[in-house]
Amino acid sequence: MAGGKASSGAAPAGATSRTAVLWVPDWPVVAALAGAGLDAHVPAAVLGARSGGGAGAGHTVVAVSAVARAQGVRRGMRRRQAQERCPEVALLAADDARDAREFEPVALAAETVVAGLEVARPGLLLLPAGGAARYHGSELALAQALVGAVAARTGHESQVGVADGLLAAVLAAREDAVVPPGGSAAFLSDRPVGELVHAVCDPAGVAAVREAAGLWWRLGLRTLGDLAALPAASVQARFGDLGAWAQRLARGDDLRPPARRRIEEDLAVAEELDPPALRVDVATFAARRLATALHDLLAVRGLACGRLRITARTAGVDLGGDDVGGVVGGDGEGAVLERVWRTDDAAAGGMSAARITDRVRWQLEGWLTAASTRRGGEADPIVAPIAHLALAAEEVVPATTHQPGLWGADAGEGERARRALGRVQGLLGGHAVLTVELQGGRGPRDRVRLVPFGTEGGAGRDPGLPWPGALPSPAPAGLPDDPVPARVLDAAGHDVVVDARLAMSGEPAAVACGDTGGSRGPVAVTGWAGPWPLAERWWSGGGGARRVYLQAVLDDGRALLLAQTGGVWQVEAFYD
């Protein structure tokens, strides 16, 4: 531990509270290696989409292990660059759910030392340092106890920092340091403004903070001290709540000083699961309803929350007492599990219902997976049915950056529809209700895929990548269940054929569409465009697939996308 001797006494009255941060370096890589069953000495990198990334972001390195970093692999590199620097590097996919699930044992270990911790994000824990430091004798002893507990119980190396204010504590953890009381402003003053990104708890806010830091750098505000020295009123007026949030952190203040809050009661929603949910995916359906209800309560009141408390009660079977994270009580009816997640109210405007649902799902997976590991490591983490689930919004403050429309998003029809679809999923299963998600591809059928309603697929092809040979805009409005057989005729009534050199045997004059049961008479063509060739995987042994597309507007008002394969035409899609 660096940073000098830490004081175990309380900070002076009116000063910011002492915050301890436990940080596991390179956590996405650590979690990915653990999930893949690889040793920590293997050079590895996690590939994913950077916040605000464009084309190719899905093949960008977002996290690197220390071994790979020593061989020249860096964040922001493309896949090929990383492999050039380190040919033996293991490239693993990013997975937020896996990161949160694997981090639960670390939170359990830290809870044996300090109660009341918060998960800022997977890999980063926030802990109150005042009382715990007095109990252990000093802040340095507290940090050593936390590092030792995590290493003994999980085998992971971690670092702890203690300071006044969130940002100073996070940066101190990255240096394994304890900042003396009152020294946070000096500790932060010479650091680049870009280091504000380390204090963002919700990945959705990373892009906004990076953009703001880039703007401040261009304006000459190069360091956190430059930002802290500006008049607070001017920063608020010029940069809004994001600027005020950043300036408070740069000064070493608490993220949410008491003077900024108005007194608001915590909001909570709960639901009894009848019958109790035996699996995480079933419990997630109830979590989605609760998340939507909690989000609506916040939106109606114009509020955002600083912390999200997740509470679950199991029925009949105890999950293992103190060996399971967040157990706050238990009786003959089961165990009560509880965990707190930190959010970014001012920086990101609070979390959406979907993000609240994600955190509940990750937490349920973490609890049940941890419990099943202690019971023999069953593949299916079914430990005990969940009979009660509750969500509470804590540290409620006025929301400013993300407000609903003046007259509301709708008159309630959308909410009723979502609840009905959620109920159908609860009865029939997660894959019984599907929605369309856009993904990358060349043809209209390649660009859409079906995913369970209310979930973020995340595993489809990146639509931001370049797709040579893709159809030009605008995209078709609809697809038939199956391509419809068709004939394209010229003025003489002969079939129009496109050869390998894209030469057409004649100009389209009529199109006859049919189905398997018969055909319709030819309809005159009033306008057409094309043809466009599409040759996929032409280098493969089977020759790949070759199609030719043609757009046609018919006399009856229809606009069709026609495709020819092997000399046979069919209707692939239609336009509005």
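So the sequence shown is numbered by the numbering used here: it starts at 562 and just counts up by one. Just so it is clear, CB atoms sit at the ideal spot from N, CA and C, and this is done for glycine as well.
#1: Quick one: is Ala643 buried, meaning 16 or more other Cβ sit within 10 Å of its Cβ, or exposed?
#2: Alpha carbon to alpha carbon, how far is Val985 from Ala978? Give it in angstroms, no decimals.
#3: From Val680 to Val650, what does the alpha carbon distance come to, in whole angstroms?
#4: Is it buried or exposed for Val1086, if we count other Cβ within 10 angstroms and need 16 for buried?
#5: Between Ala581, Leu678, Gln1131, Val628, which has its C-alpha nearest Arg870's C-alpha?
#6: Measuring CB atoms only, is the segment 738-751 touching the segment 759-774, in the sense that at least three cross pairs come out at less than 8 Å?
#7: With H, G and I counted as helix, E and B as strand and the rest as coil, what does DSSP make of Trp1028?
#8: Judging by CA-CA distance, which residue of Ala1090, Leu1095, Asp1051, Phe748 is the nearest neighbour of Gly1002?
#9: Return yes when the Cβ of Ala661 is within less than 7 Å of the Cβ of Pro683, no when it is not.
#10: Name the DSSP bridge partner or partners of Val1045?
#11: Return the CA-CA distance between Leu791 and Arg639, expressed in angstroms with no decimal places.
#12: How about Ala606 and Ala629: are their beta carbons less than 7 Å apart?
#13: Would Ala1113 be called buried (16 or more neighbouring beta carbons within 10 Å of its own) or exposed?
#14: Name the DSSP beta bridge partners of Thr1126, please?
#15: At a cut of 8 Å, does the segment 765-775 reach the segment 721-740 through at least three beta carbon pairs?
#16: Could you check where the alpha helix (DSSP H) with Pro1013 kicks off and where it finishes?
#17: Any idea if Gly1128 is buried or exposed, counting beta-carbon neighbours within 10 angstroms, 16 or more meaning buried?
#18: Counting only the same chain and skipping the five closest in sequence on each side, list residues whose C-beta sits under 8 Å from that of Ala595.
#19: Check for me: the alpha helix (DSSP H) holding Thr715 runs from which residue to which?
#20: For Gly882, which three-state DSSP category applies?
#21: Extract the residue ranges of the alpha helix (DSSP H) inside the segment 725-773, only unbroken runs of 4 or more that lie entirely within it.
#22: Quick one: Cα of Ala829 to Cα of Ala951, how far?
#23: Per DSSP, what kind of secondary structure is Gly966 in: helix, strand or coil?
#24: In terms of residue numbering, what span does the beta strand (DSSP E) encompassing Asp587 cover?
#25: DSSP three-state label for Glu663, please.
#26: Determine the extent of the beta strand (DSSP E) in which Ala624 is found, giving its start and end residues.
#27: Please state whether DSSP places Gly1118 in a helix, a strand or coil.
#28: With DSSP as the reference, please indicate the residues paired to Gln1112 in a beta bridge.
#29: With distances taken from CA atoms, which of Trp1130, Gly1004, Leu995 is nearest Val1059?
#30: Would Val582 and Val731 be called neighbours here (beta carbons separated by less than 7 Å)?
#31: Compare the C-alpha of Ala655 against each of Pro648, Arg636, Ala624, Ala668 and name the closest.
#32: Tell me Leu687's beta-bridge partners as DSSP assigns them.
#33: Taking the alpha carbon of Leu785 as the point to measure from, which residue in Gly1082, His949, Val754, Ala704 has its own alpha carbon closest?
#34: Just mark Ala793 as buried or exposed, buried being the case when its beta carbon has 16 or more other beta carbons within 10 Å.
#35: Please report the straight-line C-alpha distance between Trp588 and Gly722, rounded to a whole angstrom.
Straight from the coordinates:
#1: buried
#2: 11 Å
#3: 30 Å
#4: buried
#5: Leu678
#6: no
#7: coil
#8: Leu1095
#9: yes
#10: Val1132
#11: 38 Å
#12: yes
#13: buried
#14: Val1129
#15: no
#16: Pro1013 -> not in any alpha helix (DSSP H); beta strand (DSSP E) instead, spanning 1009-1013.
#17: exposed
#18: Glu663
#19: 700-715
#20: In this prediction, Gly882 has a pLDDT of 44, which is less than 50 and means its spatial position is unreliable; what the coordinates show is noted afterwards. Helix.
#21: 727-735, 745-750
#22: 7 Å
#23: Its pLDDT being 44, under 50, Gly966 is placed unreliably by the model, and nothing is read from it.
#24: Asp587 -> no beta strand (DSSP E), and no H or E assigned at all.
#25: helix
#26: 621-625
#27: coil
#28: Ala1090, Leu1122
#29: Trp1130
#30: yes
#31: Ala624
#32: Val582, Glu679
#33: Val754
#34: exposed
#35: 17 Å
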